[in-house]
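Single-structure report; data block below.
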Amino acid sequence: RIIITGALGQIGTELTLKLREKYGEENVLPTDIKAPEDENLKGRPFEILDVREMDRMKELVSEFKPDTIMHMAALLSATAEKNPQFAWEINMGGLMNALETARDFNLKFFTPSSIGAFGPSTPKENTPQVTIQRPTTMYGVNKVAGELLCDYYFEKFGVDTRGVRFPGLVSHVKEPGGGTTDYAVEIYFEALRSGRYTSFIGKSTNMDMMYMDDAIDAIIKLMEADPGQLTDRNAFNVSAMSINPEMVANEIRKHIPDFELDYEVDPVRQGIAESWPNAIDSTEAKRQWGFNPQYDLEKMTEVMLEAIRNK
Ligand code: VAH
């Protein structure tokens, strides 16, 4: 049985749907700071939870009796840069509450880190799992601290914490909010809406990306892995592709020939993107728990355009 925080977020929304499908609706308790509007989530088990309120979190856990908590509630990179103190309160305060709850109730624990946990001095190409991590964003500071805090709770208290470093995630069920990689989602919606897109990320800026189905599959594979085979725990690099706006536009033009892309680079988000690696190495995730992404840029583009057309 699984309780999810941030269940209305970009990952949380699809994670909730997939976990309900896999483990049964009665075994999944999605929570978030407000009630769901989405038809998929209405009328089914759901609770309001602000992750800053640990007493409420523990109350829900003692009632629902999960064996696992998937802590997805967080502010993303661009939002966190706008309000860094609030980001610390949510991203670190919420994480501490979720870890303390997992410790008290002996819950298995998942929370995602991000390529945002790397900084300008991190090797940009084939970025290894263990390397320099001096991020220059509040989000990155939160992610590095989060990785270390989750390792600490495993070593010190024996909490079964697990996590991955997600790249930018591309999805159509729930659009992301406040991310630096959001251009890679918006571009597909705009291609169909208006046939053109103005990117806030520069043309030759490469970033790691992955289609949402591969991200959800990675979470489930990691959580079902035999702990004995894990030599790492909370910071598995996972990525399916390293792309830039031009590459996405060229792939879209195979379906929408006169799609137009132009640029209005946003210095803040461009600065964040340039502080991150271009392409990380996912070898350890593949080796230790069978990470195996199925979507490349071509397949992701087909699926995204098809799904958005059918919305
Ligand atoms: C963001 N989508 O842009 C998130 C993610 C790697 C990027 O952490 O902040």
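What the sequence shown shows, in the numbering used here, is residues 14 to 324, in sequence order.
Glycine included, each C-beta is placed from N, C-alpha and C at the ideal position.
Point to revise | Within 9 Å, strictly: CB atoms of Leu42 and Ile61 | key: Within the sequence shown, numbered from 1, the residue matching residue 42 stands at position 29. Within the sequence shown, numbered from 1, the residue matching residue 61 stands at position 48. Taking 9 Å as the Cβ cut-off, Leu42 and Ile61 do not qualify as a contacting pair.
Exercise for review: With a threshold of 16 other CB atoms inside 10 Å of the CB of Gln23, please say whether the residue is buried or exposed.
Suggested key: Your numbering for residue 23 matches position 10 in the sequence shown. With a threshold of 16 other beta carbon atoms within 10 Å, Gln23 meets it and is buried.
Review point. Any contact of the region 120-130 with the region 157-173, i.e. 3+ C-beta pairs under 8 Å?
Key: Taking a cut-off of 8 Å for Cβ pairs, the region 120-130 and the region 157-173 touch, as three or more such pairs fall below it.
Check your understanding: Would the C-beta of Ala91 count as close to the ligand VAH, meaning under 8 Å from any of its heavy atoms?
Key -> Numbered from its first residue, the sequence shown carries residue 91 at position 78. Yes, the Cβ of Ala91 comes within 8 Å of a heavy atom of the ligand VAH.
**Study point:** First and last residue of the uninterrupted alpha helix (DSSP H) at Pro240
**Key:** For the purposes of this step, residue 240 is taken as the residue at position 227 of the sequence shown. If you look at Pro240, you'll find it isn't in any alpha helix (DSSP H); DSSP assigns it neither H nor E.
Practice item. Compute the minimum distance between the beta carbon of Trp101 and the heavy atoms of the ligand VAH, and state whether it is under 8 Å. Key: Translated into positions along the sequence shown, residue 101 becomes position 88. Taking 8 Å as the cut-off, one finds no heavy atom of the ligand VAH near enough to the beta carbon of Trp101.
Point to revise | Identity of the residue in Thr193, Tyr210 and Leu182 nearest Asp230 by Cα | key: Taking the sequence shown and counting its residues from 1, the one referred to as residue 230 is at position 217. Closest option to Asp230, judged by alpha-carbon separation, among Thr193, Tyr210 and Leu182: Leu182.
**Study point:** Bridge partners - Ile16, DSSP secondary structure assignment
**Key:** Stepping through the sequence shown from its first residue, residue 16 is reached at position 3. Here Ile16 is bridged, per DSSP, to Leu42 and Ile82.
Review point. To which residues does DSSP link Lys121 through a beta bridge?
Key: For the purposes of this step, residue 121 is identified with residue 108 of the sequence shown, where counting begins at 1. Within the DSSP bridge table, the entry for Lys121 names Thr81 as partners.
Review point. If you count every other CB in all the chains shown that lies within 10 Å of the CB of Lys187, and 16 or more means buried, which is it?
Key: Here the question's residue 187 lines up with position 174 in the sequence shown. When all chains shown are included, Lys187 counts as buried.
Practice item. Check whether the region 167-175 touches the region 114-122, taking contact to mean three or more Cβ pairs, one atom from each stretch, closer than 8 Å. Key: The region 167-175 is in contact with the region 114-122.
Practice item. On the DSSP bridge assignment, give the partners of Asp275 in chain order. Key: Numbered from 1 along the sequence shown, position 262 holds the residue referred to as residue 275. Here Asp275 is bridged, per DSSP, to Thr211.
Practice item. Consider the C-beta atom of Thr193 and the heavy atoms of the ligand VAH; say whether any pair is separated by less than 8 Å. Key: Here the question's residue 193 lines up with position 180 in the sequence shown. At a cut-off of 8 Å, the beta-carbon of Thr193 counts as near the ligand VAH: some heavy atom of the ligand is closer than that.
Exercise for review: Measure from the alpha carbon of Tyr201 to the alpha carbon of each residue in Thr149, Ala87, Glu38 and Met313, then state which is nearest.
Suggested key: One-based indexing of the sequence shown puts residue 201 at position 188. For the residues Thr149, Ala87, Glu38 and Met313, the minimum Cα distance to Tyr201 belongs to Met313.
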